[in-house]
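What follows is a short report on a single structure.
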Amino acid sequence: MADFYVRAARTMQDVLAHRGSIKAISAGNGDLNHAKRIMALVVNTLSYRTVLLHILKQVDMAKKEPKWFGGASPLNRKASDASSNAPGMADCVMLVLLHDLLFTSRGIQAAKAWPPRVCMEKYKSQLHAELVRLQIRQGKKSAEELRSGAAERRLAARIPRWCRINTLKIREIDAIQQLETAGFELVNNTILTKEYVHSTLMEDRSFLALIM
Numbered sequence: 001m002a003d004f005y006v007r008a009a010r011t012m013q014d015v016l017a018h019r020g021s022i023k024a025i026s027a028g029n030g031d032l033n034h035a036k037r038i039m040a041l042v043v044n045t046l047s048y049r050t051v052l053l054h055i056l057k058q059v060d061m062a063k064k065e066p067k068w069f070g071g072a073s074p075l076n077r078k079a080s081d082a083s084s085n086a087p088g089m090a091d092c093v094m095l096v097l098l099h100d101l102l103f104t105s106r107g108i109q110a111a112k113a114w115p116p117r118v119c120m121e122k123y124k125s126q127l128h129a130e131l132v133r134l135q136i137r138q139g140k141k142s143a144e145e146l147r148s149g150a151a152e153r154r155l156a157a158r159i160p161r162w163c164r165i166n167t168l169k170i171r172e173i174d175a176i177q178q179l180e181t182a183g184f185e186l187v188n189n190t191i192l193t194k195e196y197v198h199s200t201l202m203e204d205r206s207f208l209a210l211i212m
């Protein structure tokens, strides 16, 4: 189960770095069953991300447990293709662990001796107290109401629709003209609104990714 949290953290890191859709990245980090669980954890963690970051800052976990949650953590060496616009792996592991610690009845589902779990649970009372304090300050009746809104949910839910142009029935240029008539815009980056991009994963340029 420790590996599950590492995979979930890597997925969230890639989502925040806009390296692909959450569905595609989750699928790449586990088999079908694990991918669904990873995606669920990442989506829920993102929806509480503002709250979790606030709590971690108040408790100062990175400073108190630098071996595992600081910049020199061995968790950070697990990151591949690190990007300056994405949080480190140690930060992402903290987020997914704290989510399960505070917002699930089962708690952290990893070996009790796994060091990141040990470090996180050592401050369980303090972390929970910060959650309650924030809940009271914001006048929320339940922790569920602390879910952040629009920005994180949009980020978590952005799943491109892939389509293939059937060149036996329509030319690529005509299909693209139809998209542009419908309000889509061709872009070269991986951050999409109502836009489309040519696939960079396949040589066949008849594959497009759309954000509806």
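If you're matching positions, the sequence shown starts at 1 in full-length UniProt numbering and goes up one per residue. A virtual CB, placed ideally from N, CA and C, is assigned to each residue, including glycine.
Leaving aside the five residues that flank N44 on each side, the residues in its chain whose CB is nearer than 8 Å to its CB run, in chain order, H99, F103. In the three-state DSSP reduction, R164 falls in the strand class (E or B). At the C-beta level, A40 and A110 stay beyond 8 Å of one another. P116 has its alpha-carbon roughly 10 Å from the corresponding atom of K122. Sixteen is the threshold: when 16 or more other Cβ atoms of the shown chains lie within 10 Å of the Cβ of V93, as they do, the residue is buried. Relative to N33, the option among A17, V15, V96, F4 whose CA is nearest is F4. Between the alpha carbons of D14 and L56 lies a distance of about 21 Å.
Here the alpha carbons of A35 and S26 stand approximately 5 Å from one another.
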